[in-house]
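Numbering of the sequence shown is given in UniProt numbering, commencing with residue 1 and proceeding in unit increments.
Glycine included, each C-beta is placed from N, C-alpha and C at the ideal position.
Since the model is a prediction, treat every value here as computed from it, not as a measurement.
The block underneath contains the structure these notes are about, expressed in structure tokens.
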Amino acid sequence: MSGGELRRAVDLAAALLHALTAGLAADAARDQYERDAAAARARREQWERQDARRQAGGPAARRRAAGRMVPWALGAFVLLGLHLWAGAARGGGPWSLPWFLLFATVAAGVLAVHVYRELGLAAELAGDYRRPGSGGDAGAARARAQQVRRANASRRLQDMDTGPRVLAGLAMLAALAVVIVLVVAVPPLWQAVELVVATRGVAVRRADWSRDYRERRRNAQGDQPGRMRPRVVRIATGGIPTGGIPTGSVPSGGPRPGGTQSTVRRSTGEGS
């Protein structure tokens, strides 16, 4: 075999080895890509399941439900304070006014926190968290943290449905304003309500009394059903009924004032 043929055989073997190596590398790269894609799909499915669980009944859902209940809770809170204040205005005591101020202050604070958490995220988006004199790795870390905070705030704002909550808050404030006007500025209204309630109570009691009186009259006639007959219980030694004592006899408690003392005959025949 000449030198040229040997050189060609070596080149051919090298080419075959290179092709085989390239094919093996391509197969390995394809397998690695498929494994990475499968892992990414698994992670995405896991994230989707976790997000579905959070939206269905997780902490986020509980926070949203609590956020919906905040305006109503504040309304009840302030109404209780107004009730105490109205009691003080009607003579319930001077302690009710400080209680109302306490209730109103706490309610205003809770409402402010609620509004900040629901609507104040825009300030967090527009806020600047950079500090003077920062630089190097610390400045880069703070910049990354700022980007993360802004991204989280943007996502929370996109997830929230703030329109109905704002309308509910405005409706609550309007209702509170109406209640304040009715309770504080129009005290005769409360007096009229109390008068109506008291009159209604008197009418009910009067109707009950009239019904009882008619029932007693029917029972006194003796011919109507439901007559209340007196129980007659005779004592062992004589014939004195405890429920109906004959006219002219002496009750067990003694003679009546201004009356005459008569003789009560016992079974022995002796006079008392």
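Here Ala108 is exposed: its Cβ has fewer than 16 other Cβ atoms, across all protein chains shown, within 10 Å. With respect to Leu111, Leu79 sits apart: the two C-beta atoms are not nearer than 8 Å. One Cα belongs to Asp51, the other to Arg41, and the distance between them is close to 15 Å. Each of Glu215, Arg49 and Val113 was checked against the Cα of Val70, and the nearest Cα belongs to Val113.
Here the alpha carbons of Tyr33 and Arg44 stand approximately 16 Å from one another.
Around Met172, the same chain offers Pro71, Trp72, Leu74 and Gly75 as residues with beta carbons nearer than 8 Å, after the five sequence neighbours per side are excluded. Across the structure, Gln147 and Ala15 are spaced so that their CA atoms are roughly 52 Å apart. Rounded to the nearest whole angstrom, the C-alpha separation of Asp27 and Thr21 is 10 Å.
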